[in-house]
Structure formats: structure tokens, C-alpha cells
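Following: one structure in C-alpha cells, then a few remarks.
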Amino acid sequence: MADSRAAPIEGIFYTGESSQGTQAVLDFDARSGRVTLTEVMTGSAEESAALVKQPRKKTLFSSLLTDLTIPPRLANTRRRLALGNGAAFVTQDNDSIDALAERVLALSRLSVGDATRGFSGNWLHRLESNRGAVAACFVAVIVIASVTIIYGIPIAAKRIAYAVPQPVQNSMSEGTLELLDSLYLSPSELPSEEQARVLALASAAIEGVGITSYAVELRTGIGPNAMALPDGTIVITDDIVELSANDDELLAILYHEIGHLQNRHLLRRVLQSSFVSLGLIVMSGNVETVDTLIALPTFYLDMSYTRDFEIEADRYALQSLKDRGLSVDNFSAIMNKLEDSLSRIGVDEDADKPTSRASRRQRELLKYFASHPLTSERLALVEEYRD
Amino acid sequence: MIDDDQTMSTPNQSDVLIIHHPLYFDGKGGEYFRIWIVNVLLSIITLGIYSAWATVRTRRYFYANLKLAGEGFEYHAEPMQILKGRIIALISFTLYSVSSALSPLLGGIAAILLIFAIPPLILLSLRFSRRNTSYKNIRFNFQGGWKEAYMSILVWPLLSLLTLGLLFPLAQVKLKRFIINNSRYGTENFVFTGTFGDYGKLLLLYIAIYVAAILQLALSLTVGASFVGTTVFILLIYGGFFFIQPKYMNLMYRRTTLREHGFESTYTGIRFVWVWFSNILFIVVTLGLFLPFAKVRLTKYLTENVTLKMKGSLDDFTAGEAETVSALGQEVGTAFDFDLGIGI
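Below you can see the structure in the form of C-alpha cells.
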């Protein structure tokens, strides 16, 4: 390109008034710094022959190159040069446009402050068309995503959860027990002296932890189950009381639920799912909520995070039993019984997800999709706390 | 790839000659993957801020590669507009999640507010996407008003619910009329001529399949073949959906005209099922890395089944007057923008 005239660029000129395009060539004259668009006559061979004899070249547009806005390159899609008043020149000749853009850059360097509308650069295109750079981006994305999912989100959620004041946490479960009562639960059917005994046991356990705001409620209706609401309410069902052979087994369950409360699991779970959804929305640039592609990973990650919480609650329960000089076998005993009743009834311990009646082998396969760690895994955990 | 050239060679002969121009998509999975992975990385590094620029770059790529009669579409939105829309949407989303997590009552109120916000949001989004799309340097536009938006998006579906689905076909016609008749290319409006009868027939087909599914389930349960019965039931329900859904898409295109030009559409259930499910499967297996390829595949499928029946020429459309919309409205609309909402 030592020549002052760059090679003409072929394309289509649009006036901005109609959808009719005109075949045109764009010429750049370095001496005057002007670009000129000239019409190219097309038509049948006969017409072309006539043209050769009588060449009529109509100038469609002319301006200083520095007045043009040259859009950055995007793969090999056509470039549209806006010519003002809606007029445009569209061309597939990306390489020539890039060469022209380089000239704009050079010119704008010469006349500082003059080229406010100049060329914004092709750095993205250079990145995208470089194999090594693309591979590096790929690796970086994988590493950052993994670290964020495994460490970033759980740690951030934990920090935030412990900073949330208790009244806000209480309001999270406002009306939840009433809602559960109206939908699934009914008052305990245990004899009143048995109820009093369980409540006394629970109160003692709670006092032992040193938090007075926790309270235990007895209910029936959802099989053997226990749950903890963020305001400190622990719900225990009749079935689970009947399932436990002694008070120590019931304590194991209670400590597990207290573990959920002490570690603010529900709040952390809500925060973590929100972070995952937000992250995916930001990354995919998609806000449509009913999108399988976002719902699916959110669901799996939620399941996996929930398993971590269950393990944390298990550890809390086991440590509490150990601290009070009780045998950790109580924990494994009640977990085994829960597992057995589960496979009979086909209902998960927390009754929030129905479990399939699949065989143990299938359950083994499905363990990454289950919110509760399998009992065999729990039993291994118990061994850790055995003296 | 569809060869467009032979159909191009017969212009100016007669005004009644109909030339079929298939829409086609020139994008390539590998090419888009490079754009995508750079977009994702820059979005992560900038904590999501770059996602607005990423969206514009992605759309520009998809629109430019979507071609009709040899010419591509163009996307003109500015990233800053989209970024502002996203920030507003993000704040609303956070307020909504927090309020519904904190109190069921607040959550309920927010949900009701959201329902009433949907029609204007769809309206703004349609306006934004149409106005920022052009073909042959002529912009599309959307001229629907608030009242019509509420009627067709909220009131008519509610009426069809209250009449136990009797008015459902009419609600569908109203919605399509709202979306299509208010869309313009330059100064020409698209026209939708679908009727209650068209949608009624499809609804009857749906009902027939559902009734058949339920009857055979009841029958097989009484003879004790519950496994076969349930399997066939599920197949019929899902099969019915994928059998009829493409018919709705075909109906929409075939009943749409732009001045003297019409559309043909050839979606089929079996192809749709294949593209959709294989995409999901590959995305899951590759932990999301197939996403850009899936998007290209789906776009190819969605575009290459639509044909413009050109009567005369596409050269005589004139540009509408440039309209300015309130910046805030337009920006909120962008956050709820549909991907590739071109033309129709």
C-alpha cells in the first residue's frame, strides 16, 4: 500500500430512504484523505458493453476518511459504514476495511484530538482469531468457574449469612410453620406425658447449647422427619420419636437439626442458589427464568451444596454427642432406621423431595443428585468421631 | 446451505412471479465458540459488566449471519443501553428474591406487581429489538400501544382461563395480531390473518391427543398393564406436544404477510425433537461447552425452515421516520429482550 490510492472496495450503497441497494466501490485517496463512493453499473452483457463505450460513473458519496465511523471486525460478517442520514455502505471485504481502519488510526495519531469518531480497534477480533488466545481463555474460564463454585460461592454465602441479624432470619420463616400446618402437618398424636418428656429432653439439649431462642414443636403427618426453620423452630414428628429406641437417638436427631440452625444453613442455601442463578444469568446474558439450560445446573449445584450442609450438620451432631459423653452409635442407629423406613415409604427424611423406590445400587449412582448424603457415607463419618 | 442463486436470477420479469427465498443462517459453531469463550471470560473478569457488550457482539454475529435473498440482517443496539437495562433488572430481581425470602406476604405482593409489569415489559422489549434490527438498511419497528399490550397479554388469556379454554384460540389470535400487526419493516406493516378456526383446530387436535392418552391409560390400568399404559401415556403427551408445537409455528408464518409477500414454514415435530434434545444432551455431557454449537444448530434449524415468498421485489421498501423512545423504558425493555426476535 505504498501507493497513495488504496485498492477499491466493492460493496453495496444504501441511501437510507429505501431498501434498494446500489453496487458501489469505495476509493480512498491518501493525498486528499477523502473516500469516494462510485456507482458500479450492473446489468446484462449488452448493457455492460454499452457501458464500456460510454462509461458513466456516478459519485454517490464523498467525505474525509476521518469522518467515517468504522465498526470493529466481527468474524467475517459484513461491515457497515454509516455515512450519515441513514445512508450506509456495506461490504464483505473485511481485509480492505481493516487496512482502511489502520489508515484512520495513523491519521488520528497525526492530528491529535481531531479523530473523535475514529476506529475503535480490532483487538477483540485478533483475540478471537488467535488459537492460542482462545485456548487460554478456555482454560481461564474453566479454572475461574470451578474455583468460584467450589470455594467462592460457599465462602461468600457463609460470610453474608453470619452478618444477617437474627430478626431478619426470623422473618424468613414467618408463617412457614402455619403454612406447613395447614398443608401437611397435624398436631402430635403422642400421649401427653410422652410429648412432655420429649419436649423436656429437647429443652435440655437446647439449653446445653446455650441458645434460648430455639424451640421444639411436635407434629405428625409427614412420616419420620425433623426439620429446622431459620427462626429457631425445630419440628419433630411422632414417627421419628417412635422410631428412636431411646432418648440418646432422639438427641442425635435434635443435634443434627440444631447443627443446621447453628450453621445458618437455610439462609446460606438461599444465598448460594441466588448466587448461582445470578452468575449463570450474567454469563449467559439471559434473563428468561424458564430456561432449562439455567435451571438444570442451578438445581444440581443446589443439590450438591445441600449435601455439604447435611454433612456439616452430621458433624455437629456427632461432636455434640461425643462432647456429652454419649455414644456416636446412637447416631448411626437412628440413621439406619431412617434409611430403612425411607426405602419402605419412599419418602425422603426431610419430605421435601420424593425419593424414587430405586434399588440401593441405583441410589449409589444417583448420590450426586441427592440432597442427603447416603447413610453408608454417614456411617463412615461416624467412624471419624469414634474414639 | 441453501443455494440462493438460481432463485435470484429472475427479477423484474413479472410482478406476479413468486420467488421463494429461504431464510438461512451462515454462522459456524467453531467460529461462534471463539466469540463466546472470549465473551464469557471478559464477562467473568468484569463481574458481569461486559455481558452487555458480549450480548451485542453475539447478536451482531447472529443477525449478520442470518440471511435472506443474499443479504444479512443487522443489529444496532448500543451496549450501554443494554447495560442500564440489566442493572435495573438486576436490582428488581434482587429486591424480589430478598423480599420473597424474607416474607411470603412481601413476595406475594412483588409477584402480583410483576404480573402487571409483564405486558409493558414485553411491549418495550419488542420495540427495542425491532427498532434495533435492520435488513437492507431499512429498520424494523413496533408500534403497539399499552392498552393493546394489556389486552392481548393479560386480559385475553385470563378470559380464556375463565371460559375453561373456550376462548383460548381467540386469545392466541389476539396475541399474534398484537405482535405481528404492530411490527413493521420500514413503513410497511406485517399482517397476520390467522383466525379463531385455525387455532381452534389445533386446540381440538391437542384435546383429542390428551383424551386418547387418558382413555388408553384408564383402559390399560383396568386390564392391569400399568407399565405399558403409563409409558404410552407419557409418549402420547410429550409426542403430542412436539407434534403440535411446530404446527403453531407454521401457522404463524403461513398466515403472515408483508405487503404482497408471504411466508412458508416447514417445521416438523421430529426434527424439532432431535435438535432440541440432542442439544440438551450434548450441553450436559460437555458441561456447557457445547452451548455455542447448540445455539448455532438451533438457529440454523429455526431459520432454515422459513421461506419468504417474494412477489416482485424487496427493493422498494422505504424507511420509516426515526422515532425516539423514552430512554428509561427502552432500557428496561432490553433486559427482557428475546434472542433473535427478527422480523416476526
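Those protein sequence lines, which keep their order, are chains G and Z. Going by our numbering, the first sequence opens with residue 1, and the numbers climb by one from there. Going by our numbering, the second sequence opens with residue 388, and the numbers climb by one from there. No residue lacks a Cβ here, since even glycine has one placed at the ideal position from N, Cα and C. From a predicted model like this one, the values you see are computed outputs, not experimental measurements.
State yes or no: is the beta carbon of residue i nearer than 8 Å to at least one beta carbon in chain G?
i, result
"Z/Ser-490", "yes"
"Z/Tyr-363", "Beyond the ends of chain Z as shown, which are 388 and 731, falls residue 363 of chain Z; an answer cannot be given."
"Z/Leu-608", "no"
"Z/Glu-465", "no"
"Z/Ser-653", "Note that residue 653 of chain Z corresponds to Thr in the displayed sequence, not to Ser. False, the Cβ-Cβ gap to chain G never drops below 8 Å."
"Z/Val-425", "yes"
"Z/Glu-708", "no"
"Z/Ile-406", "no"
"Z/Arg-658", "no"
"Z/Ile-431", "yes"
"Z/Arg-641", "no"
"Z/Ile-496", "no"
"Z/Ile-422", "yes"
"Z/Thr-644", "no"
Taking just the CA atoms, how far does residue j sit from residue i?
i, j, result
"Z/Ala-558", "Z/Ile-566", "12 Å"
"G/Lys-337", "Z/Leu-604", "37 Å"
"Z/Tyr-654", "Z/Thr-442", "27 Å"
"G/Leu-180", "Z/Leu-553", "36 Å"
"G/Glu-217", "G/Ile-236", "6 Å"
"G/Ser-32", "G/Ser-96", "19 Å"
"G/Ser-304", "Z/Arg-646", "55 Å"
"Z/Arg-641", "Z/Glu-651", "5 Å"
"Z/Leu-510", "G/Leu-74", "30 Å"
"G/Gly-132", "Z/Trp-543", "55 Å"
"G/Thr-298", "G/Val-40", "56 Å"
"Z/Ile-525", "Z/Tyr-448", "18 Å"
"G/Asp-98", "Z/Ser-490", "57 Å"
"Z/Gly-707", "Z/Ala-456", "22 Å"
"G/Glu-10", "Z/Thr-694", "28 Å"
"G/Asn-170", "G/Leu-266", "11 Å"
"Z/Val-662", "Z/Leu-668", "10 Å"
"G/Thr-15", "Z/Arg-518", "18 Å"
"Z/Ala-464", "G/Glu-17", "20 Å"
"Z/Tyr-419", "Z/Leu-701", "30 Å"
"Z/Leu-623", "Z/Tyr-597", "8 Å"
"G/Thr-66", "Z/Tyr-437", "28 Å"
At 9 Å on the CB atoms, spell out the chain G contacts of residue i, in chain order.
i, result
"Z/Tyr-586", "Those do not exist, as Z/Tyr-586 stays about 22 Å from chain G at its closest Cβ, beyond 9 Å."
"Z/Ser-761", "Since the displayed chain Z opens at 388 and closes at 731, residue 761 of chain Z lies outside it and no answer follows."
"Z/Glu-647", "Residues of chain G passing the Cβ test: none, with the nearest at roughly 14 Å."
Is residue i near the ligand FAD, in the sense that its beta carbon is under 7 Å from a heavy atom of that ligand?
i, result
"G/Val-25", "This structure simply doesn't include the ligand FAD, nor any ligand for that matter."
Using a beta-carbon distance below 8 Å, is residue i in contact with chain Z?
i, result
"G/Ser-18", "yes"
"G/Leu-127", "yes"
"G/Leu-180", "no"
"G/Met-41", "no"
"G/Leu-124", "yes"
"G/Val-270", "yes"
"G/Tyr-14", "yes"
"G/Val-209", "no"
"G/Ile-144", "yes"
In chain G, what lies closer than 7 Å to residue i by C-beta?
i, result
"Z/Leu-428", "Cys-137, Ala-140, Val-141"
"Z/Glu-418", "Ala-75"
At 7 Å on the CB atoms, spell out the chain Z contacts of residue i, in chain order.
i, result
"G/Ser-274", "Ser-484"
Starting from the beta carbon of residue i, find every residue of chain Z whose beta carbon is closer than 9 Å, and list them in chain order.
i, result
"G/Gly-21", "Glu-458, Lys-523, Asn-524, Asp-702"
"G/Val-134", "Phe-420, Arg-421, Ile-424, Val-425"
Report yes or no: do the stretch 253-271 of chain G and the stretch 219-227 of chain G share at least 3 C-beta pairs separated by less than 8 Å?
The answer is yes - the stretch 219-227 of chain G touches the stretch 253-271 of chain G, with three or more Cβ pairs under 8 Å.
What residues in the stretch 515-526 of chain Z have a beta carbon less than 8 Å from any beta carbon of chain G?
Here the close residues are Tyr-522, Lys-523, Asn-524, Ile-525.
Decide if the stretch 126-140 of chain G is in contact with the stretch 267-274 of chain G; the criterion is three or more beta carbon pairs, one per stretch, under 8 Å apart.
The stretch 126-140 of chain G, when compared against the stretch 267-274 of chain G, does not touch it at the 8 Å Cβ threshold.
With 9 Å as the limit, tell me which residues of the stretch 671-703 of chain Z have their beta carbon closer than that to any beta carbon of chain G; keep them in chain order.
Only those residues of the stretch 671-703 of chain Z whose C-beta falls short of 9 Å from the nearest C-beta of chain G are listed: Val-671, Leu-674, Gly-675, Leu-676, Leu-678, Ala-681, Ser-700, Leu-701, Asp-702, Asp-703.
Contact between the stretch 407-414 of chain Z and the stretch 451-465 of chain Z: three or more CB pairs below 8 Å?
Between the stretch 407-414 of chain Z and the stretch 451-465 of chain Z there are three or more C-beta pairs closer than 8 Å, enough to call the two in contact.
Positions along the stretch 70-89 of chain G whose CB lies within less than 7 Å of some CB in chain Z:
Within the stretch 70-89 of chain G, the residues whose Cβ lies closer than 7 Å to some Cβ of chain Z are Leu-74, Ala-75, Thr-77, Arg-78, Arg-80, Gly-86, Ala-88, listed in chain order.
Across the stretch 196-212 of chain G and the stretch 233-249 of chain G, are there enough close Cβ pairs to call them in contact, namely three or more that are closer than 8 Å?
With a cut-off of 8 Å, the stretch 233-249 of chain G and the stretch 196-212 of chain G count as touching, because enough Cβ pairs lie within range.
With contact counted as at least three CB pairs below 8 Å, one residue from each stretch, are the stretch 96-103 of chain G and the stretch 126-134 of chain G in contact?
Verdict: no, contact absent.
Give, in chain order, every residue of the stretch 444-462 of chain Z whose Cβ lies closer than 9 Å to some Cβ of chain G.
Cβ proximity to chain G below 9 Å picks out Arg-444, Thr-445, Arg-447, Tyr-448, Tyr-450, Ala-451, Asn-452, Glu-458, Gly-459, Glu-461 from the stretch 444-462 of chain Z.
Of the residues that make up the stretch 166-200 of chain G, which ones have a beta carbon closer than 7 Å to any beta carbon in chain Z?
Cβ contacts with chain Z: Val-168, Ser-171, Met-172, Glu-174, Gly-175.
Residues in the stretch 549-578 of chain Z with C-beta within 9 Å of chain G's C-beta atoms, listed in sequence order?
Result list: Tyr-572, Gly-573.
Would you be able to state if there are at least three C-beta pairs under 8 Å between the stretch 629-641 of chain Z and the stretch 656-667 of chain Z?
Taking 8 Å as the limit for Cβ pairs, the verdict is that the stretch 629-641 of chain Z does touch the stretch 656-667 of chain Z.
Taking 8 Å as the cut-off, does the stretch 499-513 of chain Z touch the stretch 678-686 of chain Z (at least 3 CB pairs, one atom from each stretch)?
Contact between the stretch 678-686 of chain Z and the stretch 499-513 of chain Z is absent, because fewer than three Cβ pairs lie under 8 Å.
Compile a chain-ordered list of the residues in the stretch 309-338 of chain G whose CB is closer than 8 Å to at least one CB of chain Z.
Residues of the stretch 309-338 of chain G with a C-beta atom less than 8 Å from some C-beta of chain Z do not occur.
Do the stretch 304-317 of chain G and the stretch 258-270 of chain G meet, that is, are 3 or more Cβ pairs less than 8 Å apart?
These segments touch.
Mind the definition here: the stretch 518-533 of chain Z touches the stretch 12-24 of chain G only if three or more C-beta pairs lie below 8 Å; say whether that holds.
The answer is yes - the stretch 12-24 of chain G touches the stretch 518-533 of chain Z, with three or more Cβ pairs under 8 Å.
Short-range partners of chain G found in the stretch 597-623 of chain Z, where Cβ spacing is below 8 Å:
Listed by position, the residues of the stretch 597-623 of chain Z near chain G (Cβ gap below 8 Å) amount to none.
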